[in-house]
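Participant: Before I ask anything, here is the structure I am working with.
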Amino acid sequence: MLSAELLNILCCPECEGEVHSNEDQTMLICSHCHLTFPIRENIPIMIIHQQNSSSTKEDTNGS
């Protein structure tokens, strides 16, 4: 279980929004952009998937 103190200092790496855990504490969810991050062995894995960044590059190159 993640401590309330840790949840207070974590933020979404994409938009810096506030994150909260789901009911069974297996995911963190951004309150702003709604990205989800898994929690494994009480460690939040807050890595933005490459597919998100590559789709941004495609949008930029398509202009």
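Residues in the sequence shown are numbered consecutively from 4, following the numbering used here.
Note that CB positions come from ideal geometry on N, CA and C, so glycine has one too.
Note the first and the last residue of the continuous alpha helix (DSSP H) segment covering Ile12.
Facilitator: Ile12 -> alpha helix (DSSP H) spans 7-12.
Participant: Distance check for Asn45 and Asp27, CA to CA, integer angstroms please.
Facilitator: Taking the straight line from one Cα to the other gives about 12 Å.
Participant: Please list, in chain order, all residues of the same chain as Cys15 whose beta carbon is under 7 Å from its beta carbon, the five residues on each side excluded.
Facilitator: Excluding positions up to five away in sequence, the list reads Val22, Cys33, His35, Cys36, Leu38.
Participant: Give the secondary structure of Met4 by DSSP, where H, G and I count as helix, E and B as strand, and everything else as coil.
Facilitator: Coil, per DSSP.
Participant: Of the choices Ile50, Met4, Ile51, whose alpha-carbon is the least far from that of Asn25?
Facilitator: Nearest of Ile50, Met4, Ile51 to Asn25, Cα basis: Met4.
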